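Number 753 in this note's numbering belongs to position 407 of the sequence shown; there are no gaps in the numbering.
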Amino acid sequence: MGALTRRGHRVQPFKAGPDYIDPSYHQLACGVPSRNLDTWLLPHPTVTELFRRASGADKVCVVEGVMGVYDGHSSLTEEGSTAQLAKLLDAPVILVADAAKVARSVAAEVLGYQQFDPDLRIAGVILNGVGGPRHLEFCQPQIEETTGLPVLGYLPRREQFVQPERHLGLIPTVEGTVVQEWYDALIAQVEETIDLDAVLRLADTANPPEGAPQVYPAEPQPRRARIAIAQDKAFSFYYQDSLDLLEAWGAELVPFSPLADESLPPQVGGVYIGGGFPEMFARELAENRPMLESVRQALARDLPVYAECGGLMYLGQSLSDLEGADFPMVGAIPVVSSMSNSRLTLGYREVEACADTPLLESGQRIRGHEFHWSVLEETPDPGQAVYRVVDQENRLEGFRIGSIWASYIHIHLGSAPGLARRFVDSCVLE
347 MGALTRRGHR
357 VQPFKAGPDY
367 IDPSYHQLAC
377 GVPSRNLDTW
387 LLPHPTVTEL
397 FRRASGADKV
407 CVVEGVMGVY
417 DGHSSLTEEG
427 STAQLAKLLD
437 APVILVADAA
447 KVARSVAAEV
457 LGYQQFDPDL
467 RIAGVILNGV
477 GGPRHLEFCQ
487 PQIEETTGLP
497 VLGYLPRREQ
507 FVQPERHLGL
517 IPTVEGTVVQ
527 EWYDALIAQV
537 EETIDLDAVL
547 RLADTANPPE
557 GAPQVYPAEP
567 QPRRARIAIA
577 QDKAFSFYYQ
587 DSLDLLEAWG
597 AELVPFSPLA
607 DESLPPQVGG
617 VYIGGGFPEM
627 FARELAENRP
637 MLESVRQALA
647 RDLPVYAECG
657 GLMYLGQSLS
667 DLEGADFPMV
677 GAIPVVSSMS
687 NSRLTLGYRE
697 VEACADTPLL
707 ESGQRIRGHE
717 FHWSVLEETP
727 DPGQAVYRVV
737 DQENRLEGFR
747 IGSIWASYIH
757 IHLGSAPGLA
767 RRFVDSCVLE
């Protein structure tokens with residue numbers, strides 16, 4: 347993405363699947379927001395709409411896959427996988443193969459991917475972790491001889507290219523750990539050892555379908571609500587299309603920082619606190635007492651507050667950091683959050699609303715996902731729960747107390763028509 351952008355191309359980045367962190371790297375590389383395309387979370391016509399809305403005849407669209415090309419929601423189907431998305435968009439696939447500890451054998455791996463699903467249009471290979479030109483000579487000829495696929499280039503095995511990780515994967519770029527020198531080094535390497543002209547020729551073979559409006563309004567909507575949105579180092583997990591949908595349906599999004607600001611923005615009709623890494627900034631969040639009090643006062647006025655994952659943790663009684671130290675939070679819902687080093691909660695979820703919420707009507711079902719190491723010491727009772735998790739024996743999830751709707755479940759506002767519009771409706775000041 348960065349190399350094509352540096353060449354002067356307008357690159358539109360996308361991410362397959364529900365991940366929030368990788369798109370932040372795309373935005374640094376391309377200078378424009380990246381978009382998530384998830385074929386399990388979103389109806390397929392909506393995926394097409396979101397792709398078509400962001401792409402254009404003068405843009406090069408690059409989609410980063412998720413996990414292995416065939417991995418997704420199910421162990422026996424392609425639901426939610428990169429392969430399903432590539433077939434939906436009729437886009438060629440460049441397979442990235444790890445050659446770090448193999449030589450000629452990598453051809454057998456590529457052949458397996460090629461034959462696993464003949465309907466998937468694998469069009470080329472990039473090798474990762476190559477030791478040098480001699481190593482490449484033991485990999486490339488056999489791949490091209492056995493599969494007929496061109497090896498478009500490689501990346502060498504170098505420590506300078508490795509990015510630090512944390513418990514949920516890469517570290518979000520909003521925390522400032524990604525330096526320009528890392529991007530510059532990667533881009534220079536790509537320009538040297540990957541055939542970008544061949545990549546562009548492959549991109550020209552894509553034939554994505556046309557898309558009709560599914561979740562965006564057909565006509566421009568008047569501005570009718572102001573929504574405060576928590577955006578800083580602690581809270582950065584938002585889907586760009588969710589934010590764009592809120593604006594398209596009449597919201598003015600007003601960013602604020604629970605870390606640095608002393609109060610919520612004035613004259614807002616609702617608050618949206620997304621996910622992130624509040625456990626990394628628990629002390630700073632607790633020490634910003636004016637903001638904690640501002641949120642409490644807003645809740646006392648019954649201001650609607652919708653929170654996901656890290657936002658749920660922030661609204662609880664207290665939050666422990668990675669060292670186990672406890673810090674007081676807003677205290678609006680009866681939960682204590684602590685970090686677990688042994689239990690990762692991860693996966694897609696289908697949920698049913700237990701009552702009317704800013705997003706859903708009571709009984710309405712929606713698809714979402716969970717991804718967290720933190721655990722709660724409390725579980726909601728039936729009168730408090732936001733959702734029943736349908737695909738987990740209807741377990742109760744989340745807390746609705748007063749004007750709060752807080753849950754570990756992440757929702758893409760394109761998952762069903764009307765979600766963003768309903769959210770905006772709930773935030774219109776009387």
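Heads up, the beta-carbon is just placed ideally off N, CA and C, and yes, glycines get one too.
Please read all numbers here as calculations on a predicted model, not as lab measurements.
Tell me where the beta strand (DSSP E) around residue i begins and ends.
{"i": "L742", "result": "741–743"}
{"i": "F484", "result": "Where F484 is concerned, there is no enclosing beta strand (DSSP E), given that its DSSP letter is neither H nor E."}
{"i": "G458", "result": "Premise fails: G458 lies in the alpha helix (DSSP H), 452–462, not in any beta strand (DSSP E)."}
{"i": "C376", "result": "Looking at the DSSP string, C376 is not in any beta strand (DSSP E); the run it does join, the alpha helix (DSSP H), is 367–376."}
{"i": "L441", "result": "439–444"}
{"i": "T691", "result": "691–699"}
{"i": "S380", "result": "Looking at the DSSP string, S380 is not in any beta strand (DSSP E), and its letter there is neither H nor E."}
{"i": "K361", "result": "356–362"}
{"i": "S582", "result": "581–583"}
{"i": "V651", "result": "651–654"}
{"i": "F602", "result": "597–602"}
{"i": "C407", "result": "405–410"}
{"i": "R569", "result": "It is not in any beta strand (DSSP E) - R569 carries neither H nor E in the DSSP assignment."}
From the options, pick the residue whose C-alpha is nearest to that of residue i; which is it?
{"i": "L759", "options": "S753, L706, V409, M637", "result": "L706"}
{"i": "E696", "options": "V561, L374, C655, E739", "result": "E739"}
{"i": "R467", "options": "V456, V476, F484", "result": "V456"}
{"i": "D541", "options": "R353, S772, G744, V770", "result": "R353"}
{"i": "V412", "options": "Q730, A699, G709, L441", "result": "L441"}
{"i": "A574", "options": "F397, L661, I619, Y585", "result": "I619"}
{"i": "V736", "options": "C700, V721, G426", "result": "C700"}
{"i": "P563", "options": "T392, V408, P364", "result": "T392"}
{"i": "L388", "options": "V525, T351, L431", "result": "L431"}
{"i": "D463", "options": "E483, A443, V439", "result": "V439"}
{"i": "D607", "options": "Q586, Y585, E639", "result": "E639"}
{"i": "D727", "options": "L742, H718, H715", "result": "L742"}
{"i": "F673", "options": "R642, D648, L631", "result": "L631"}
{"i": "V681", "options": "G656, A766, V357, A437", "result": "G656"}
{"i": "K433", "options": "R647, A469, G377, I757", "result": "A469"}
{"i": "G764", "options": "D550, G729, A445, S588", "result": "S588"}
{"i": "E521", "options": "V406, A646, F623", "result": "F623"}
{"i": "R629", "options": "Y500, L668, G596, Y652", "result": "L668"}
{"i": "I517", "options": "P566, V617, S582", "result": "S582"}
{"i": "R399", "options": "S420, R642, V651, V561", "result": "V561"}
{"i": "A678", "options": "Y694, F717, L649", "result": "L649"}
Exposed or buried, what is residue i when buried is set at 16 or more other beta-carbons lying within 10 Å of its beta-carbon?
{"i": "D543", "result": "exposed"}
{"i": "K447", "result": "exposed"}
{"i": "N382", "result": "buried"}
{"i": "R713", "result": "buried"}
{"i": "F602", "result": "buried"}
{"i": "S749", "result": "buried"}
{"i": "L422", "result": "exposed"}
{"i": "L775", "result": "exposed"}
{"i": "R635", "result": "exposed"}
{"i": "R768", "result": "buried"}
{"i": "A762", "result": "buried"}
{"i": "V525", "result": "exposed"}
{"i": "L546", "result": "exposed"}
{"i": "T385", "result": "buried"}
{"i": "S451", "result": "exposed"}
{"i": "D465", "result": "exposed"}
{"i": "Q613", "result": "exposed"}
{"i": "T493", "result": "buried"}
{"i": "D578", "result": "buried"}
{"i": "S708", "result": "exposed"}
{"i": "P704", "result": "buried"}
{"i": "A454", "result": "exposed"}
Is the beta carbon of residue i less than 8 Å from the beta carbon of residue j?
{"i": "G615", "j": "E654", "result": "no"}
{"i": "L599", "j": "L610", "result": "no"}
{"i": "G348", "j": "I533", "result": "yes"}
{"i": "T394", "j": "P559", "result": "no"}
{"i": "F397", "j": "S380", "result": "no"}
{"i": "Y295", "j": "S401", "result": "The shown model of the chain, from 347 to 776, leaves out residue 295, and the question about it has no answer."}
{"i": "E698", "j": "Y660", "result": "no"}
{"i": "L690", "j": "E625", "result": "no"}
{"i": "A580", "j": "F507", "result": "no"}
{"i": "R408", "j": "A362", "result": "According to the sequence provided, residue 408 is Val. The question's Arg does not apply to it. No, the pair does not count as a contact, with Cβ atoms beyond the cut-off."}
{"i": "V406", "j": "R356", "result": "yes"}
{"i": "L374", "j": "Y584", "result": "no"}
Alpha helix (DSSP H) containing residue i: first to last residue?
{"i": "E639", "result": "635–646"}
{"i": "E593", "result": "586–594"}
{"i": "K433", "result": "428–435"}
{"i": "L396", "result": "390–400"}
{"i": "G348", "result": "348–352"}
What are the complete alpha helix (DSSP H) segments, minimum 4 residues, inside the region 717–768?
Counting only runs of 4 or more, we get nothing.
In chain order, each beta strand (DSSP E) run of at least 3 residues that lies wholly inside the region 478–560
The DSSP assignment places complete beta strand (DSSP E) segments of no fewer than 3 residues inside the region 478–560 at 497–502, in order along the chain.
Ignoring anything shorter than 4 residues or poking outside the region 660–687, list the alpha helix (DSSP H) runs there in chain order.
Counting whole runs of 4 or more residues, the region 660–687 contains no alpha helix (DSSP H) stretch at all.
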